[in-house]
Amino acid sequence: MQNICIRLFTLFGYFYSIFLNSSHAIRHGRNLIWAGRPLDYDRASIVGIEGDPDKWVLDKKMTVRQISAPSRMWHFRSLAYSYSTKYLYWSESGLKRIQGLVLDGYKKETDNIFTGTSAEVDGLAVDWISGNVYWTDAIYNWIMMVPLRPNQKRFKIVTKVGLDKPHGIAVLPQKGYLFWCDWGANPKIEVSDLIGNNRRTIVNYNMRRPRGLVIDAKESKIYWVDDGQDTIECIQFNGRARRIIVKDPQADFYGIALYKNILFVTEQSLSEGHLNVYSKLNGKLIISYTLSHIPYGIIMYDETTQPGNSEICDALECEHFCVHNPIMGPACHCSEGYKLNITDHRTCKVDSQFPQPYHVYSMEEGICSFPPNLADIDLENMTLSKQCFLLDNKGYLALGMHARRDTLYFSTNNTDKWINRVRMEYGASFEDLIGGVGIVRGIVLDWISSNLYWTDSLYRTINVARADGMYQQVLIDSDLENPIGIAVHPGKSKLFWTDAGKKPKVEWSYLDGSGRSLITNQDLGSPSHIHIDFMKDILYWADSALGNVKEYNFSTETITVLVPKNSGIQGSIYGISIFQDYLIWTDYTTSRNGIHVARLDSLDKVRDIMHPEFGRARDLLTFDASNQPDFETACADGSCKHLCLPKGEKSYTCRCGLGYQIGENKKICATDLATDNFLLVTDSYRKQIFQISMITGKVQALDVRDHFRPLAVDYDPVRRIIYWTDVAHKSIKKAEINGVHETLVKQLTDDSIADGLAIDYVNQLLFYSDAGIRIIGVMTLSAYPFHKTLINSGLEKVRSVIASPIEKRIYWSDWGSDPKIERCGMDGSERQVIAKFKEGAWPNGLALDVREKRLYWVDARSNKIASMTTDGKHQYILYNESDAHYFGIALSGDYLYLTDWSRNSLMRLPKKGGQLENFWDGTSKFVRLNDIHAFNSTEIISEVSPCSSESCSHFCLPSPRTIYEIKDPWICACPDHLVLSSDGHNCVVDEVSEHNSSFAGRHKHRDTTTHQISSITDESESMNNRSTQRSLFPSKQTKNGSSVTPGKISAYVIVPLILLGAGVAAFIFLKRRRAEKNPHYLLANDDKYTVDISYRILCQDSSKDMNDGVENPIESQNSTHTS
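For the sequence shown, the residue numbers in the UniProt record's numbering are 1 to 1123.
Laid out in structure tokens, this is it:
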């Protein structure tokens, strides 16, 4: 029976309740413990209920204790413990770290176990036998481990492949198991051994957002909560006997803990939190506690769940890690960048690493890097190609960074203009983040609120998006001429920029664009890039026309000249950075093109590295975590659904992405979708799908959780389900039109480029074209979709595909070397070319008028819109223009609707021809519109499927063929791995050859004839481009042929040399491999290219802490308060 009678009230960090015996610090002993975030602007806390739950759950009398955070910046999320050492561990997302505290009743100082996690570490687990702690990181998409020793700089990535949004984690060292759940695009629960090997999936179906996870060692079961399914479930370790224990559609489950037969579950909402207590036997809700805070991770701190101790590992005395295998025994392992010393199998030796700080600068043709002591390094044998890790002439301009996450942001200014990012580690891949931009000369990341800002001198705007590129917004678009440099000060919630227009100026606004103010418009030539010294609280900017550097003191609001025009520094100053006592800048003038260094005190130039004939030097930054210190932010509570933009110490503005409207509470983003007369369009650069009313032109976004790069789209009006392809995630997905119940329909291959998609809702079939592996596939729309390759020969660059249920045919376009439009029956029969074009034509989108039997198409090369009858006759050009790049086309009523890459807008044309016009609400800024689909309920085809009364075991495919003058309405067919049996209805395994991929079908009235179409795969030249992920820092081969993996190339080799009595470090750099160009700009299919480690240079002793003597403004708060 539900009993909501115990409420815990928070007042100045203490809990009060009429049922509480006492309220003191959490003590060692049996406790139920959870992490909590306050509803108001108070401090976070860790709350514990002391004693045996069998007692206090029944009598409702409890002792509640807590640990309160010392600062509002702290935010506890996940918890773990080591009972034998009396340690409680937690992840802290404010300062992004793993911490621990001894529950001895005396110590109040916390131990920083590891610093440098993301803000989303929602799973934490301790291996008490080996002495290690594991955690999941939903931002980095990896699982990491460190030894249970304070201030660890040694860590090991347990796994980072195939993870999307890892959440809960649990360890069972007695059996050597590590469990975790992942609620990303492919939700699942997996298990591996304690170092990430022998990985397997336990369950990956009927899941949406599996979050908290707990082990029942006694019964060999896993319990988890699924926030998307609104369930509490369990399953055996072997993946059997899955059971739903609780199903509550109103729940927002987060964490889960177990004690005997009792399940404790934390539940979150915007207004309050709950601690629910269930019976694990029958799922009965025993009691629900209403909390005055939002609970996160929860654990049962109990001796009985951690039998044994770490003596066996302690005796081994491993230098880095000890991991105990219950079968093989304990063994030593090394952290990232190190390898085990084969002489003793106990100690570790350094392999290589890419240490901070270092300097990075762009020069249009590439991006180059230099060690921190650029002013003093030996330049012998140093060449530009050895210092540049990208040299592929993509027009690199702006640079930004997230130093704590080792992530570099950069812009390109070639044909396709992008903002990209890459994690600066060996084996990392480039990510195309924001496409369709103009000329981006400045990039900066607000590393506290995780928002990305950039200047665009082509569109004369300042823009903002989430750090992952979602929800792009124009922040400022008035009174800008040529914005270049940009910087943020999260502590002041301010944004700064330079404008090098005819009326040059330096300005600032709050991070939401409000409060715009002028810093100066006097004595300026061409102000360029900006640098902020957070220790001195000073803003610097360079002036490339005047050749000077000025500084602005935030406290006094005064401007002084740091580097005068007539100083010893000559030339143009464009990019700028200040590192220790040096001024570093770039100069793009021909004679002094390169990077330069001068002393700050004397302005004496100490180093020039110039490349006059190659690459124009542009932006510059010093990659150093100390340049991005910690600040408190008003956005720490995560109240905004899309963008949270600070505008003061305790104030912020929530912004919504395109197609959303802000709710009444000014925090929630909602969408108001139409139910009829609408268009569906995909925008791959905005990573969203939009609905546009054909009546009002109003734009609404489909609130689907996971868009990577949606391309093709179609709609099933019977079930009200939208289908789309994702060319970055390599998948076909579906969801209800309101965005709920998002489901993976099919995971495609790594080489797939699914450009076309067609839904036949009459016959319940899905057709898609794949230009990457050159096939047209068909799937059923049933709950258990089957897949068959329908066409796999004679295709080159197959693009759009469209289905005609009435004709029982599909049509497709192919813009390969022999461009054409083809058709065939839905069973693959009667294939024919109905339109051939001259070489170089780009037939793109298709639209079908089923009643008038007329096919419409667009050509992106000749910029024309045309039509013909479905048999290829009576071709007409409806519209032609000189400057367009038509991609998608849809028909509804008397109008054709088109997407155009050159306009980035939606167009409309009468289907008989006429005037082309814009069709959208006039305010929405699309970036890269691709496919388009139109829906009007009056145009629904009400045909009865010929397969409605047939009993095929897998596929029933309508057929247009006539045999002996009898219309043959359908065939039974089989998935690729099966063949049709002799009964003509059922599919069986091919006993002759499991590799025979031929199409087998049996026609009605013809039991003795099997019609086959060859399915030999076309093995001609593969597509030029394969992935948006471009590898950085690949593995190398040593001279003896052994493999040097990315993990082995992640630490730095310190080479002892005699240099002024100090050691010198080896710094490893990269070079490029050029990428080829695709003339048709296939989405999500850029060239893979890699860069190699090519050179080592000497720098100062890296063993010295670069932050010595630098005051940490929050160090005095680095302890917990217990009460």
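The beta-carbon is built from N, C-alpha and C at its ideal position, and this holds for glycine as well. As the structure is a prediction and not an experimental result, all values here were calculated from the model.
Next on the checklist: Using 8 Å for Cβ pairs, my map puts R43 next to G297. What's the rounded Cβ distance?
Outcome noted: That belief does not hold up - the Cβ atoms of R43 and G297 are roughly 17 Å apart, past 8 Å.
Checklist entry - Measuring CA to CA, which of E742, S93 and I286 is closest to S45? => result S93
Checklist entry - Can you find at least 3 beta carbon pairs, one from the region 676-691 and one from the region 502-512, that sit closer than 8 Å? => result Touching, no.
Item to check | Whole-angstrom distance between L275 and L213, CA atom to CA atom | outcome: 16 Å
Checklist entry - So, helix, strand or coil for S937, using DSSP? => result helix
Next on the checklist: Would the region 250-260 count as touching the region 225-233 if we require 3 or more Cβ pairs under 8 Å?
Outcome noted: yes
Checklist entry - Under a three-way DSSP split, which group does L79 fall into? => result strand
Checklist entry - Relative to the C-alpha of I692, which residue among R686, F708, V704 and T675 is closest? => result Considering only alpha carbons, the answer is T675.
Item to check | Minimum C-alpha distance to Q747 - residue among D760, G162, H359 and A542 | outcome: G162
Item to check | beta strand (DSSP E) runs contained entirely in the UniProt repeat "LDL-receptor class B" (493-536), provided each spans 3 or more residues | outcome: 494-499, 505-510, 517-520 and 527-533
Checklist entry - What is the DSSP secondary structure of W56, counted as helix, strand or coil? => result W56 sits in a helix when the DSSP states are folded into three classes.
Item to check | Beta-carbon proximity list for Y588, same chain, < 7 Å, skipping 5 on both sides | outcome: Apart from sequence neighbours up to five positions away, the residues of its chain that approach Y588 with a beta-carbon distance below 7 Å are S572, Y574, R616, A617 and R618, ordered along the chain.
Next on the checklist: Could you pull the DSSP bridge partners for M300 from this structure?
Outcome noted: L32
Checklist entry - Between the region 712-719 and the region 750-763, are three or more C-beta pairs nearer than 8 Å? => result yes
Item to check | Cα-Cα separation, S1035 to K60 | outcome: Low local confidence applies: a pLDDT of 36 at S1035 is under 50, so the model's placement there is unreliable, and no value is given.
Checklist entry - Under a Cβ-count criterion, where at least 16 other Cβ atoms within 10 Å of its own Cβ denotes burial, should E120 be classed as buried or exposed? => result buried
Checklist entry - Whose C-alpha, out of Y205, I941 and Q473, is nearest the C-alpha of Y453? => result Of the listed residues, the one whose Cα sits closest to Y453 is Q473.
Checklist entry - Exposed or buried, which one is Y811 when buried takes at least 16 other CB atoms within 10 Å? => result Counting C-beta atoms within 10 angstroms of its own C-beta, Y811 has 16 or more neighbours from the protein chains shown and is therefore classed as buried.
Item to check | Close Cβ partners of N1040 (< 8 Å) along its chain, the five nearest in sequence each way excluded | outcome: Low confidence applies to N1040: its pLDDT is 37, below 50, so where it sits in the model is not reliable enough to give any reading.
Checklist entry - Under the DSSP definition of a beta bridge, which residues are partnered with N548? => result D543
Item to check | Of the listed residues L896, F935 and V927, nearest to L916 (C-alpha basis) | outcome: Among L896, F935 and V927, the Cα nearest to that of L916 belongs to L896.
Checklist entry - Where DSSP assigns a beta bridge to Q66, which residues make up the other side? => result V47
Item to check | DSSP state of D770 mapped onto helix, strand, coil | outcome: strand
Item to check | Where the beta strand (DSSP E) through D137 begins and ends | outcome: For D137, the enclosing beta strand (DSSP E) stretches over residues N132 to D137.
Item to check | Closest by C-alpha distance to M610, when choosing among C368, W724, N206 and V158 | outcome: Taking each of C368, W724, N206 and V158 in turn and checking the Cα distance to M610, the smallest one comes out for C368.
Checklist entry - So V360 and A398 are in contact, right, with Cβ under 8 Å, and what is the actual spacing, rounded? => result So it is not a contact: roughly 12 Å between Cβ atoms.
Checklist entry - With 16 other CB atoms within 10 Å as the buried threshold, where does S892 fall? => result buried
Item to check | Sequence-distant residues of its chain with Cβ nearer than 7 Å to H402 (five each side left out) | outcome: Excluding sequence neighbours, H402 sits near L445 and W447.
Checklist entry - Looking at the structure shown, is N996 part of a helix, part of a strand, or coil, going by DSSP? => result For N996, the predicted structure reports a pLDDT of 41, less than 50, and the residue's modelled location is therefore unreliable. The matter cannot be settled from this model.
Item to check | Inter-residue spacing [alpha-carbon to alpha-carbon] between K911 and P819 | outcome: 24 Å
Item to check | the region 125-135 contacting the region 195-212, beta-carbon criterion three pairs below 8 Å | outcome: no
Item to check | Minimum C-alpha distance to P629 - residue among W724, M73, G825 and I327 | outcome: M73
Checklist entry - Does the distance from the C-beta atom of I834 to that of R851 stay below 9 Å? => result no
Checklist entry - What is the residue span of the alpha helix (DSSP H) that I312 lies within? => result E311 to D314
Next on the checklist: Excluding the 5 residues flanking D976 on each side, which residues of the same chain have their C-beta closer than 7 Å to its C-beta?
Outcome noted: H787, K788, T789 and S997
Item to check | As assigned by DSSP and simplified to three states, the class of Q626 | outcome: Sequence check: residue 626 is Ser here, not Gln. Of the three classes helix, strand and coil, the one that applies to S626 here is helix, per DSSP.
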